[in-house]
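Visitor:
Number of protein chains: 2
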Amino acid sequence: MESSSARSGGSTRREATRQKLYEAAVTLIAEQGFSATTVDEIAERAGVAKGTVYYNFASKSVLFEELLRHGVGLLTASLKEAAEQTARRGGTKVDALDAMVRAGLVFIDRYPAFTQLYVAELWRTNRAWQSTLMVVRREAVAVVEGVLREGVAAGEFSDEIDVQLTAAALVGMVLVAALDWKSFQPERSLDDVHAALSRLLQGRVSGRV
Amino acid sequence: MESSSARSGGSTRREATRQKLYEAAVTLIAEQGFSATTVDEIAERAGVAKGTVYYNFASKSVLFEELLRHGVGLLTASLKEAAEQTARRGGTKVDALDAMVRAGLVFIDRYPAFTQLYVAELWRTNRAWQSTLMVVRREAVAVVEGVLREGVAAGEFSDEIDVQLTAAALVGMVLVAALDWKSFQPERSLDDVHAALSRLLQGRVSGRV
DNA sequence: AGTTTTGTACTGACCAGTCAGTGCAAATCG
DNA sequence: CGATTTGCACTGACTGGTCAGTACAAAACT
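For the record, the sequence lines run as chains R and V. Following our numbering, the numbering of the first sequence begins with 1 at its first residue and continues without gaps. Following our numbering, the numbering of the second sequence begins with 1001 at its first residue and continues without gaps.
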């Protein structure tokens, strides 16, 4: 009954084409923006005929939306994994936050173009994929908010903190620092960057410990 | 010798038109991005003919570049002012950082569209105004870096902090938190948001004080 | 044998930038 | 004084090019 080549869903060939298109689109759109990137360019960089793009995706915007969903899905999974692993090992909530900072850095290190593109589109309004982006953002930030809330409940964090705003600020801290790293001092190591952010996170900038 | 009608520089009329064009362009580009915004739209929103745009600016990109310079100039000045005022009053460097956080929030509160657009374009590569943006960014971040460096020199901050990266992270923290505030909970007061960020800045989230 | 990809050619909407011309107020002229 | 010129600011129809999306027959995969 079962086919020998394990196929879960679509054919492998088609999946490979879609993957190539994602990769081509992500770098081009990160560099130039959505509107300035042409479908011809995407097809060419993917090494594929233009018709193939439209055989695989209903339109340019749909391609982009699926790309967004795909990418943020990876990030969210990675953040969750980091938080859960820390919990399993009996770490504190600060440890969990720190692990998530690292997971964020690893993600950005691996997919800098996606991150760039995500930031560039996130606060736009009046765009077709706005709602998709909103949903997907909530999922990611919610992971951070969850850890903060648990920390408050456990008495590890002050109950005066504003969970939502603090989560956004933490995400912003990592995002901007990492993009800066990649853009302006790419020779530095991930550990190095992580150490700097850890210090800031734990208030060891101003305070003597 | 001197003319009776004291006119310093350009005519008032022209200046007013340029201002209208700036205002129209900033909101449209923040919403849709540079490439997706047409010159016709900008002209229409400014209540001006298309030709007038080209009478006042050499091209669409030039209009945008001057807009960027103009906006970041305002921000930089405001940050400097905050730092200097704190110094004059004999505040600590943490106080100065805090004052700059507030200045940043005030700026974003007043010019949310500009901030949006700035973030969206900052990490793009291969764009015409890339170099302009780079210069202008350095100026703004340099103000924060300056305060951090002085703090280290004065022994107020650990000399192990990475000035450049920490500055970027702080800017990111304020930027993203503020955009989140404006986008998702605009009813909150500036003081409220400032308080949350202050707490984070001073490590009063996790640390017992 | 059905699915996927290719290559080429095409369409029609859209858009940055141009240009000949208008309106108007101050300056110059006769 | 009235008539004419000058220069600035602005206008909006027009042009030349670009690009998303379509069409389709032949080829390549699985």
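Beta carbons are placed, not taken as given, at the ideal position from N, Cα and C, and that holds for glycine.
Could you tell me which chain V residues have their CB closer than 7 Å to the CB of Ala-169/R, listed as they occur along the chain?
Guide: Result: Met-1173, Val-1176, Ala-1177, Leu-1197, Leu-1200.
Visitor: Beta-carbon separation of Val-1101/V and Leu-1197/V under 8 Å?
Guide: Yes, these two residues count as a Cβ contact at 8 Å.
Visitor: Which of helix, strand or coil does DSSP assign to Ser-1059/V?
Guide: Ser-1059/V falls in the coil class under three-state DSSP.
Visitor: Can you tell me whether Ser-1008/V is buried or exposed? The criterion is at least 16 other CB atoms within 10 Å of its CB, across all chains shown.
Guide: Reliability fails at Ser-1008/V, whose pLDDT of 38 lies under 50, so the model's placement of it is uncertain and the value that follows must be treated cautiously. The residue in question, Ser-1008/V, is exposed, as its Cβ has fewer than 16 Cβ neighbours within 10 Å.
Visitor: Using a C-beta cutoff of 8 Å, does Gly-33/R count as contacting chain V?
Guide: So yes, Gly-33/R belongs to the interface.
Visitor: Which same chain residues, not among the five before or five after Ala-1049/V, have their C-beta less than 7 Å away from its C-beta?
Guide: Hits under 7 Å: Ala-1043.
Visitor: Assign Gly-1051/V to one of two classes, buried (16 or more other C-beta atoms within 10 Å of its C-beta) or exposed (fewer than that).
Guide: So Gly-1051/V ends up on the exposed side.
Visitor: To which residues of the same chain is Thr-1037/V closer than 6 Å at the C-beta, ignoring the five residues directly before and after it?
Guide: Contacts found: Leu-1028, Ile-1029.
Visitor: If the cut-off is 7 Å on Cβ atoms, which residues from the region 92-122 of chain R count as contacting chain V, listed in chain order?
Guide: Against chain V - using a Cβ distance shorter than 7 Å - the residues of the region 92-122 of chain R are Val-94, Gln-116, Val-119, Ala-120.
Visitor: Please name the residues in the region 133-166 of chain R whose beta-carbon is closer than 8 Å to at least one beta-carbon of chain V, in chain order.
Guide: Answer in chain order: Gly-151, Glu-156, Phe-157, Ser-158, Glu-160, Ile-161, Asp-162, Gln-164, Leu-165, Thr-166.
Visitor: How big is the Cα-Cα spacing for Thr-115/R and Leu-67/R?
Guide: In a straight line, the C-alpha of Thr-115/R is about 12 Å away from that of Leu-67/R.
Visitor: I'd like the ranges of any alpha helix (DSSP H) spanning at least 4 consecutive residues and lying wholly in the region 1054-1098 of chain V.
Guide: Correct list: 1060-1088.
Visitor: So, for Glu-150/R: in the same chain, excluding its five sequence neighbours on each side, which residues have a beta-carbon less than 7 Å away from its beta-carbon?
Guide: So the list reads Lys-93, once near-sequence residues are dropped.
Visitor: Counting C-beta neighbours from all protein chains within 10 Å, is the total for Ser-131/R 16 or more, i.e. buried, or is it exposed?
Guide: When all chains shown are included, Ser-131/R counts as exposed.
Visitor: If Leu-179/R sits next to Trp-1123/V, beta carbons under 8 Å apart, how far is it from one beta carbon to the other, in whole angstroms?
Guide: The Cβ separation is near 5 Å, so the contact holds.
Visitor: Does the distance between the C-beta of Arg-102/R and the nearest non-hydrogen atom of the ligand MN fall short of 7 Å?
Guide: Ligands in the displayed structure: none, and consequently the ligand MN is not present.
Visitor: Can you confirm whether Asp-1180/V, when its beta carbon is compared against all beta carbons of chain R, has any partner nearer than 8 Å?
Guide: Chain R, which has a Cβ nearer than 8 Å to the Cβ of Asp-1180/V, makes this yes.
Visitor: Can you pull the chain R neighbours of Ser-1061/V, defined as C-beta to C-beta under 8 Å?
Guide: Chain R residues near Ser-1061/V: none, gap ~12 Å exceeds 8 Å.
Visitor: Note down the Cα distance separating Val-209/R from Asp-191/R, rounded to an integer number of angstroms.
Guide: Bear in mind that a pLDDT of 38 at Val-209/R, under 50, signals an unreliable position, so the number given afterwards is only what the model happens to contain. Answer to the nearest angstrom: the Cα atoms are 21 Å apart.
Visitor: Which of the three DSSP states is assigned to Gly-1172/V in this structure?
Guide: Three-state result, Gly-1172/V: helix.
Visitor: Shorter than 8 Å from the beta carbon of Ser-189/R to some beta carbon of chain V?
Guide: No, no contact with chain V.
Visitor: For Arg-124/R and chain V, any beta-carbon pair shorter than 8 Å?
Guide: Taking Cβ atoms only, chain V reaches closer than 8 Å to Arg-124/R, which makes this a yes.
Visitor: Here's the rule I'm using: 16 or more other beta-carbon atoms within 10 Å means buried, otherwise exposed. How should Gln-1164/V be labelled?
Guide: So Gln-1164/V counts as buried.
Visitor: List the residues of chain V whose Cβ lies closer than 9 Å to the Cβ of Arg-127/R, in chain order.
Guide: Per Cβ cutoff of 9 Å: Glu-1031, Gln-1032, Gly-1033, Ala-1036.
Visitor: When burial is assigned at 16 or more other CB atoms within 10 Å of the CB, is Arg-18/R buried or exposed?
Guide: Buried is the call here.
Visitor: Return the chain-ordered list of same chain residues with a C-beta closer than 7 Å to the C-beta of Ala-1096/V, the five sequence neighbours on each side being excluded.
Guide: So the qualifying residues of the chain are Ala-1083, Thr-1086, Ala-1087, Val-1147.
Visitor: What residues from chain V crowd round Val-221/R, counting only those whose CB sits closer than 8 Å?
Guide: The structure shown has nothing for residue 221/R, since chain R only spans 1 to 209.
Visitor: Just how far apart, CA to CA, sit Lys-182/R and Asp-109/R?
Guide: Going by the C-alpha atoms only, they are around 8 Å apart.
Visitor: For Thr-12/R, count neighbouring C-beta atoms within 10 Å of its own C-beta (all shown protein chains included) and say buried if the count is 16 or more, exposed if not.
Guide: It counts as exposed.
Visitor: Considering Cα atoms alone, identify which of Met-134/R, Ser-35/R, Leu-21/R is closest to Arg-45/R.
Guide: Ranking the options by Cα distance to Arg-45/R, first place goes to Leu-21/R.
Visitor: Please go through the region 22-47 of chain R and give each complete alpha helix (DSSP H) segment of 4 or more residues, from N-terminal end onward.
Guide: DSSP runs (the alpha helix (DSSP H)) wholly in the region 22-47 of chain R: 39-46.
Visitor: Please state whether DSSP places Ser-1189/V in a helix, a strand or coil.
Guide: Reduced to three states, the DSSP call for Ser-1189/V is coil.
Visitor: Which whole-angstrom value is the C-beta distance of Gln-202/R and Gly-1203/V, which I expect to be below 8 Å?
Guide: Going by Cβ atoms, the distance from Gln-202/R to Gly-1203/V rounds to 6 Å, so yes, they are a contact pair.
Visitor: I'd like to know whether the C-beta of Val-1193/V is nearer than 8 Å to at least one C-beta of chain R.
Guide: Taking Cβ atoms only, chain R reaches closer than 8 Å to Val-1193/V, which makes this a yes.
Visitor: Report the rounded CA-to-CA distance for Tyr-233/R versus Leu-117/R, giving the unit in angstroms.
Guide: The structure shown does not extend to residue 233/R, since chain R spans only 1 to 209, so no value can be given for it.
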